[in-house]
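This note's numbering numbers the first residue of the sequence shown as -13 and each following residue consecutively. To start, the structure under review is shown below, and the notes come after it.
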Amino acid sequence: MVALAGQMWRASILDINLYEEVERDTTQTRAALTVAAIASSVVGLSVLAAMTLNRSGSMAPPVLLVAFAGGVAAAMVGLAVWTACIYWVGVLLFHATATWGEVVRTVGFAFAPGVLNVFGFVPVFGDIVSVVVPAWMVVASVIAVRQSLDVNTIQAIVTSLIGGVLAGVLVVLMSVSLALPLTIAVATLVNALTR
-13 MVALAGQMWR
-3 ASILDINLYE
7 EVERDTTQTR
17 AALTVAAIAS
27 SVVGLSVLAA
37 MTLNRSGSMA
47 PPVLLVAFAG
57 GVAAAMVGLA
67 VWTACIYWVG
77 VLLFHATATW
87 GEVVRTVGFA
97 FAPGVLNVFG
107 FVPVFGDIVS
117 VVVPAWMVVA
127 SVIAVRQSLD
137 VNTIQAIVTS
147 LIGGVLAGVL
157 VVLMSVSLAL
167 PLTIAVATLV
177 NALTR
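The following block contains the structure:
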């Protein structure tokens, strides 16, 4: 765990060598996914904390847990879709020589600054965090894409933007097609948990 924390620190300070290391090291895939899951979980925890402190959340704990788990799962699916789109755009547009795993590993570590979202519920400071952290993650992601695809910075920005738009469209299409079945499943689960 200490090693992972060190890697997250290096990813957060935009250490290019870290991105190169995880790109090549296939044993780092699980660590990269862990970083993305931690960052996604922190956002969920911050929202739950804000709802609790503001007493705006009148939902039962099982509902909150289902919403939290669903948010983390959605973030991980989003990561998979986004990295697939980045890989596809980079290979087709810029003839990048990389594997999808290399992109997943580097972009997963680019989520590291997201752990600071734990402060998102703090008045005033949370507002600053909600602006700075996403911008920081965008910069880290561009570096991750540049290093994994072995392209220049402009190509990495273009790849990230096009990949992001494609991923957004795909996620919306997936959400629309899954909305009714998921709503029924979640309602059934929540009903069972609150009895």
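For each residue, glycine too, the CB sits at the ideal point set by N, CA and C.
- Going by C-alpha positions, GLY30 is about 34 Å away from VAL137.
- Here ILE72 is buried, its C-beta having at least 16 other C-beta atoms within 10 Å.
- According to the DSSP assignment, VAL172 belongs to the alpha helix (DSSP H) that extends over 139 to 179.
- For the 8 Å CB-CB criterion, ALA153 and VAL28 do not form a contact.
- The straight-line gap separating the alpha-carbon atoms of GLU9 and VAL118 is approximately 26 Å.
- The alpha carbon of HIS81 has as its nearest neighbour, out of ALA55, SER134, PHE105 and LEU166, the alpha carbon of SER134.
- For GLN(-7), the enclosing alpha helix (DSSP H) covers residues -12 to -2.
- Cβ-Cβ distances below 7 Å link PHE105 to PHE111, GLY112 and VAL115 in the same chain, with the five nearest sequence neighbours on each side left out; the list follows chain order.
- DSSP places PRO99 in the helix class (H, G or I) of the three-state scheme.
- A straight line joining the alpha-carbon of PRO120 with that of GLY100 spans about 7 Å.
- Contact between the region 82 to 99 and the region -12 to -1 is present: three or more C-beta pairs spanning the two stretches fall below 8 Å.
- Judged by DSSP secondary structure, GLN133 falls within the alpha helix (DSSP H) whose first and last residues are 111 to 135.
- Going by beta carbons, LEU0 and ALA173 fall outside the 8 Å limit.
- One thing to note: LEU(-10) has its Cβ within 8 Å of the Cβ of THR20.
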